[in-house]
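>
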């Protein structure tokens, strides 16, 4: 589950479940006990709280609720410290299952010093073992006979797998680094950085900023853009409050994804990476044209034109980095991709500001950038047997490998066997674009090749996400005065915590992300593009329902927008 310790946190909760099997990878040996008749998945077990034993107690389970005790037992946990919290365990079939004291603690205040005890009281006759118990145990729900007349609950210890989410150290300034040397992690295709518009208080809202290599502009959304379809096609919860800043009375107009974002330049407090102070930045309050496709609350462009001063965040990131470490390194990793026999569904990555190395990256080879052309370099490109010298090379976190239209014929209508090899060479080193990275099989049976190469009327080559899948990229200044710049590439080194490729089909085994199990639901069986709905699985209820077209809009039936719902027609 998501948890805040004093020095670290679990942010990326995920799990797996399987139907029709008696074992599951990552689970130890199950111990089963009968359920109580006519009470669902409730069992009877001995409970031990500290030195007190409660025999024949009722035990229920929940995927998403916190550990909940009968009100009469709550005093044993109320107002306790981490040192005085009691031990808790249940026992059945001569096997004890402990709820770790660590799982009852959360430090969600700004400095991670104030204990929140993760125990709830309730007027009930049973103990509810929730997510802070099941963080350490697999649970099995089993029929005792093929006639499905009697039932059992089984518990087994979780056995750590290399793909399990890892604890992460906090991104904060308690080490005195002022945001430098701190690894930032993100989920999804593109690097995301946390933004704050205040730096004091017990509850500081966090906005999400998209980092891009292709733009030099930076903007943040204001409250006027908070609602879905006001400026973007998404709802935004944490945006800039213009009443907290000073309007510089400088109108801004930013072309973005086919529309124009409008607003004004403001001065206000901005905390992002190693930036922490009053800055001038563009604040968006409206859009001319259609609402744009932007899930994040801000965009921070890392490109720059004639001089570094035209790129606000990259200028600040490098200026605020320590001498000798004027660098920002990205480890992007795999992108969402479907091959013939496997797929990659869960991209994630990391980056660090103010360091020359990053865990999971090999040694960097650097090349000077082209003068007054941002993060572009010159290199030799080889496509099959054709060698192109002194080509302009630029980079993108989220776009595909893009070639000049004049050479696209070497990729067009190729099969997986006839796709040419592609390499980039500079400083005596060769960097290969794996042919597998140029392929996608997104049809229902994974047989039809979709080529992941785009072409434009452009001078040079754009190395996008299917190149950076296999390489880390570093953007650095050549000297502490920021008078020259280099791009570095390093091989991507796999780590045990990296997401894995998944084979398909994988019948009856389901992965999910978040606190509670989710299952994919389809309301059609055939077709090339079948919408997938998400259904929440719960141990606490006996009913089942699906939302229909009348509940799609936010606040119509739920507090969320829903894209894929049941169509009664």
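Numbering (the numbering used here), first residue to last: 212 to 780.
Glycine is no exception: its CB is placed at the ideal position from the N, C-alpha and C atoms.
As the structure is a computational prediction, the values presented were derived from the model and not from experiment.
#1: So, residue 605 versus residue 587, is the Cβ gap smaller than 8 angstroms?
#2: Taking residue 368 as the reference, give the member of 640, 310 and 523 with the closest Cα.
#3: From residue 693 to residue 555, what distance separates their C-alpha atoms?
#4: Going straight from the alpha carbon of residue 283 to that of residue 333, what length do you get?
#5: Under 8 angstroms between the Cβ atoms of residue 553 and residue 714?
#6: Please classify residue 354 as buried or exposed, where buried requires at least 16 other C-beta atoms within 10 Å of its C-beta.
#7: Identify the residues that DSSP records as bridge partners of residue 791: which are they?
#8: Look at residue 478 and residue 491 and say whether their C-beta atoms are less than 8 angstroms apart.
#9: Inspect the CB distances between the region 222 to 232 and the region 725 to 732 and report whether three or more fall short of 8 angstroms.
#10: Does the distance from the C-beta atom of residue 607 to that of residue 675 stay below 8 angstroms?
#11: Closer than 6 angstroms by C-beta to residue 238: which residues in its own chain qualify, once you throw out the five before and the five after it? Chain order, please.
#12: Any idea what DSSP makes of residue 578, helix, strand or coil?
#13: Quick one: grab the DSSP three-state call for residue 435.
#14: Inspect the CB distances between the region 691 to 711 and the region 569 to 580 and report whether three or more fall short of 8 angstroms.
#15: Could you tell me if residue 420 is buried or exposed, where buried requires 16 or more neighbouring beta carbons within 10 angstroms of its beta carbon?
#16: Go through the region 697 to 745 residue by residue and report every complete run of the beta strand (DSSP E) that reaches 3 residues or more, in order.
#17: In angstroms with no decimal places, state the Cα-to-Cα distance between residue 385 and residue 391.
#18: Would you kindly work out how many angstroms separate the C-alpha atoms of residue 541 and residue 404, rounded to a whole number?
#19: Restricting to Cα atoms, I'd like to know which of 741, 671, 647 and 609 is closest to residue 656.
#20: With a floor of 3 residues, list each beta strand (DSSP E) that falls wholly inside the region 496 to 572, ordered by position along the chain.
#21: Residue 533 and residue 399: beta carbons closer than 8 angstroms?
#22: Within 10 angstroms of its Cβ, does residue 402 collect 16 or more other Cβ (buried), or is it exposed?
#23: Run through the DSSP bridge pairs and tell me what residue 634 is partnered with.
#24: Return the residue from the list 416, 498, 426 and 458 that minimises the CA-CA distance to residue 440.
#25: Once DSSP output is grouped into helix, strand and coil, what is the label at residue 312?
#26: Using 8 angstroms as the threshold, is the region 657 to 665 in touch with the region 609 to 617, meaning 3 or more CB pairs across them?
#27: Whose CA, out of 255, 276 and 316, lies closest to the CA of residue 265?
#28: DSSP beta-bridge partners for residue 458?
#29: Please determine if the region 274 to 281 and the region 337 to 344 are in contact, where contact requires at least 3 C-beta pairs separated by less than 8 angstroms.
#30: Just tell me which of 436, 459 and 460 has its CA closest to the CA of residue 449.
#31: Label residue 648 either buried or exposed according to how many other C-beta atoms from any shown protein chain fall within 10 Å of its C-beta, with 16 as the threshold for buried.
#32: Who are residue 281's beta bridge partners in DSSP?
#33: Which residue marks the beginning of the alpha helix (DSSP H) containing residue 394, and which one marks its end?
#34: Is the Cβ-Cβ distance between residue 474 and residue 455 less than 8 angstroms?
#35: So for residue 617, helix, strand or coil by DSSP?
In short, the structure shows the following:
#1: Position 394 of the chain shown, counted from the start, is the residue given in the question as residue 605. Position 376 of the chain shown, counted from the start, is the residue given in the question as residue 587. When the beta-carbon positions are compared, residue 605 and residue 587 come within less than 8 angstroms of each other.
#2: Counting from 1 along the chain shown, the entry for residue 368 is found at position 157. Nearest of 640, 310 and 523 to residue 368, Cα basis: 310.
#3: For the purposes of this step, residue 693 is identified with residue 482 of the chain shown, where counting begins at 1. For the purposes of this step, residue 555 is identified with residue 344 of the chain shown, where counting begins at 1. Approximately 39 angstroms, taken between the alpha carbons.
#4: Mapped onto the chain shown, residue 283 falls at position 72. Mapped onto the chain shown, residue 333 falls at position 122. It is roughly 9 angstroms from the alpha-carbon of residue 283 to the alpha-carbon of residue 333.
#5: In the chain shown, residue 553 corresponds to position 342, counting from 1. In the chain shown, residue 714 corresponds to position 503, counting from 1. Yes; because the gap between Cβ atoms is below 8 angstroms, this pair is in contact.
#6: As a working mapping, residue 354 is identified with position 143 in the chain shown. So residue 354 ends up on the exposed side.
#7: Since the displayed the chain opens at 212 and closes at 780, residue 791 lies outside it and no answer follows.
#8: Sequence index remark: in the chain shown, residue 478 carries index 267 (1-based). Sequence index remark: in the chain shown, residue 491 carries index 280 (1-based). Yes, they are a contact pair.
#9: Inter-segment contact for the region 222 to 232 and the region 725 to 732 is present: three or more beta-carbon pairs are separated by less than 8 angstroms.
#10: Taking the chain shown and counting its residues from 1, the one referred to as residue 607 is at position 396. Taking the chain shown and counting its residues from 1, the one referred to as residue 675 is at position 464. Taking 8 angstroms as the Cβ cut-off, residue 607 and residue 675 qualify as a contacting pair.
#11: Within the chain shown, residue 238 is the residue found at index 27, counting from 1. Only 349 and 367 meet the Cβ criterion.
#12: One-based indexing of the chain shown puts residue 578 at position 367. Under the three-state reduction of DSSP output, residue 578 falls in the strand class.
#13: As a working mapping, residue 435 is identified with position 224 in the chain shown. If DSSP states are grouped into helix, strand and coil, residue 435 belongs with the helices.
#14: Using a Cβ-Cβ distance cut-off of 8 angstroms, the region 691 to 711 and the region 569 to 580 are in contact, since at least three pairs of beta carbons, one from each stretch, lie closer than that value.
#15: The sequence position of residue 420 within the chain shown is 209, counting from 1. Counting Cβ neighbours within 10 Å, residue 420 comes out buried, since at least 16 surround it.
#16: Listed in chain order, they are 720 to 724 and 729 to 732.
#17: On the chain shown, residue 385 is found 174 positions in, with the first residue counted as 1. On the chain shown, residue 391 is found 180 positions in, with the first residue counted as 1. In this predicted model, residue 385 has a pLDDT of only 36, less than 50, meaning its place in the structure is not dependable; the value taken from the coordinates is given anyway. Spanning the alpha carbons of residue 385 and residue 391 requires a straight line of approximately 12 angstroms.
#18: Here residue 541 corresponds to residue number 330 of the chain shown, with the count starting at 1. Here residue 404 corresponds to residue number 193 of the chain shown, with the count starting at 1. Taking the straight line joining both Cα atoms gives about 12 angstroms.
#19: In the chain shown, residue 656 corresponds to position 445, counting from 1. Ranking 741, 671, 647 and 609 by Cα distance to residue 656 puts 741 first.
#20: Runs of the beta strand (DSSP E) inside the region 496 to 572: 509 to 512, 538 to 542, 553 to 555 and 559 to 564.
#21: Numbered from 1 along the chain shown, position 322 holds the residue referred to as residue 533. Numbered from 1 along the chain shown, position 188 holds the residue referred to as residue 399. No Cβ-Cβ contact shorter than 8 angstroms links residue 533 with residue 399.
#22: What you label residue 402 is simply residue 191 of the chain shown in a count that begins at 1. Classification of residue 402: buried, given that the 10 Å Cβ count is 16 or more.
#23: Locating residue 634 in the chain shown gives position 423, where the first residue counts as 1. Looking at the DSSP output, residue 634 sits in a beta bridge with 593 and 643.
#24: As a first step, residue 440 is located in the chain shown; it is residue number 229 there, counting from the start. If we check each option's Cα against that of residue 440, 498 comes out closest.
#25: Here residue 312 refers to the residue found at position 101 when the chain shown is read from its first residue. Of the three classes helix, strand and coil, the one that applies to residue 312 here is helix, per DSSP.
#26: Contact between the region 657 to 665 and the region 609 to 617 is present, because at least three Cβ pairs lie under 8 angstroms.
#27: Working through the chain shown from its first residue, we reach residue 265 at position 54. Distances from the alpha-carbon of residue 265 to those of 255, 276 and 316 put 255 closest.
#28: Locating residue 458 in the chain shown gives position 247, counting from the first residue. According to DSSP, residue 458 bridges with 477.
#29: By the criterion of at least three beta-carbon pairs nearer than 8 angstroms, the region 274 to 281 is in contact with the region 337 to 344.
#30: In the chain shown, residue 449 corresponds to position 238, counting from 1. It is 436.
#31: Taking the first residue of the chain shown as position 1, residue 648 is located at position 437. The residue is buried, with at least 16 neighbouring Cβ atoms inside 10 Å.
#32: As a working note, residue 281 is residue 70 in the chain shown. Beta-bridge partners of residue 281 (DSSP): 333.
#33: The count along the chain shown starts at 1 and reaches residue 394 at position 183. Bounds of any alpha helix (DSSP H) do not take in residue 394; it lies within the beta strand (DSSP E) bounded by 394 to 398.
#34: Indexing the chain shown from 1 puts residue 474 at position 263. Indexing the chain shown from 1 puts residue 455 at position 244. Contact check for residue 474 against residue 455 fails: the beta carbons are separated by 8 angstroms or more.
#35: Against the chain shown, residue 617 aligns to sequence position 406. Three-state DSSP puts residue 617 in a helix.
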